[in-house]
Amino acid sequence: MAQGGPRNVVISSNNGLACNEIAMSYLERGRDTLDAVVAGVNSVEDDPNDDSVGYGGLPNEEGAVELDASVMHGPTRRCGAVAGLRHIKNPSKVAKLVMEQTDHCMLVGEGALRFARAWGFKEENLLTEKSRLAWMVWKQSLRDAGGHNNWTDGLDAPGKPSARLRGAFPGADEELLAYAWDRAANPPTGTINCLALNAKGEMSGVTTTSGLAWKIPGRIGDSPIIGAGLYVDQDVGAGGSTGRGEENIRVAGGHTVVENMRKGMSPTDACLDTLKRISRNYNDDKAKLAKFSITFYALRKDGVYGSASLWSSRTRDGKTAPQRFAVNTGGKSRMEDCAYLYASF
Ligand code: ASP
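Going by the numbering used here, the sequence shown opens with residue 2, and the numbers climb by one from there.
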């Protein structure tokens, strides 16, 4: 990574190419770093095709979309967060208002919704037809010990389950049905974390997510937890995370990344060390660790940045390949390689 003094840099998870360009355009116009990252992630929250964030995010086990977000503003050293927020598609904006307009750091559930309502946010149905189909397929895939599921027809029902599902979703083509089966079988993780530095040395960050698909209603992940999904201290740098939040919370990952940089580690090493703590929680048992994925992102106050994932990915022909994260240092965003703790097998 290029070395140097403070400069405009935006990094984010791999779904952040467009987000970073928006954030960079804010930085180039001299706008505040937090305005920049929030505007960036709003584009992902608004995108129905990103099923891990905002509108179109996959719902909880009851089919309700519950969103979590946090923001942290380096110059004022303040933060805000919302968790379990329903019906509002830009939780990052609400988190920013919690920071700016309350004497609190975090609002959850009904209270967060009422707060958003009071500030004029529009309530919407965040469940897209695509997400609803994936949720329904997941519900129908569940089985009790006797192999039964109340959400599927009885033994005497005519036709195959897939044909009946097609009947219930007449607009769904093969591609959409394949998507729904895949999401039901492999509940995805996903989130966007975005960190920015400007040429004045100011830094901010945001993390926003719909959390784990099919979660228990009320489950809160790491994204809205300051010190886990996000941490910023512009005297040092910023850290954030995507992936299985439960593992991150247990190592206070965002804070750990920043404290590691404070102790002199490079951003990449700061992320790798945090992953080692997660690995340690399972006595480095790779069979257990293989059940989840998690990635950290780090941006230092001098513009050096890095990212590391627990696992590498694999190419179609089975070769080890790094995961990627999105970077913008001006102009077009690009993907760069994450370091990784373990090669996936
Ligand atoms: N970290 C998020 C959570 O646990 C999910 C994710 O990034 O996939 O809620």
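For every residue, glycine included, the Cβ atom is placed at its ideal position computed from N, Cα and C.
Going by the CB atoms, is the gap between residue j and residue i shorter than 7 Å?
i	j	result
residue 86	residue 92	yes
residue 242	residue 228	no
residue 283	residue 256	no
residue 223	residue 246	yes
residue 295	residue 248	yes
residue 326	residue 308	yes
residue 125	residue 90	yes
residue 45	residue 51	yes
residue 109	residue 207	no
residue 297	residue 254	yes
residue 60	residue 203	no
residue 138	residue 65	no
residue 193	residue 16	yes
residue 38	residue 211	no
residue 112	residue 96	no
residue 53	residue 191	yes
residue 218	residue 69	no
residue 299	residue 339	no
residue 84	residue 250	no
residue 291	residue 321	no
residue 215	residue 62	yes
residue 170	residue 134	yes
residue 323	residue 301	no
residue 35	residue 88	no
residue 275	residue 305	no
residue 49	residue 58	no
Can you check DSSP and say which residues form a bridge with residue i?
i	result
residue 241	231 and 298
residue 260	In DSSP, residue 260 forms no bridge with anything.
residue 338	325
residue 12	196 and 328
residue 309	297 and 340
residue 44	Bridge partners of residue 44: none, in fact.
residue 314	322
Under 6 Å from any heavy atom of the ligand ASP, does the C-beta of residue i make it?
i	result
residue 257	no
residue 209	no
residue 192	yes
residue 104	no
residue 212	yes
residue 296	no
residue 313	no
residue 17	no
residue 13	no
residue 243	yes
residue 223	yes
residue 246	yes
Please decide whether residue i counts as near chain C, where near means a Cβ-Cβ distance under 7 Å.
i	result
residue 14	Among the chains in the structure shown there is no chain C, since it carries only a single protein chain.
Report task. Would you mind listing the alpha helix (DSSP H) stretches within the segment 67-154 that are 4+ residues and don't spill past its ends, in chain order? Result -> Under the rule that a run must span 4 or more residues, the alpha helix (DSSP H) segments found entirely inside the segment 67-154 read 92-102, 110-119 and 130-142.
Query - Whole runs of the beta strand (DSSP E) within the segment 174-215, excluding any shorter than 3 residues - result: Within the segment 174-215, the complete beta strand (DSSP E) runs of at least 3 residues are 193-198 and 204-210.
Query raised in the report: Are the segment 174-189 and the segment 18-34 touching by the rule of at least three beta carbon pairs closer than 8 Å?
Result: Because the criterion of three Cβ pairs below 8 Å is not met, the segment 174-189 and the segment 18-34 do not touch.
Report task. Spell out a yes or no on whether the segment 120-130 and the segment 145-154 are touching, meaning 3 or more CB-CB pairs, one atom from each, closer than 8 Å. Result -> No, the segment 120-130 does not touch the segment 145-154.
Report task. State whether the segment 9-21 contacts the segment 187-200, with contact taken as three or more CB pairs (one from each stretch) at a distance under 8 Å. Result -> They touch, by the three-pair rule.
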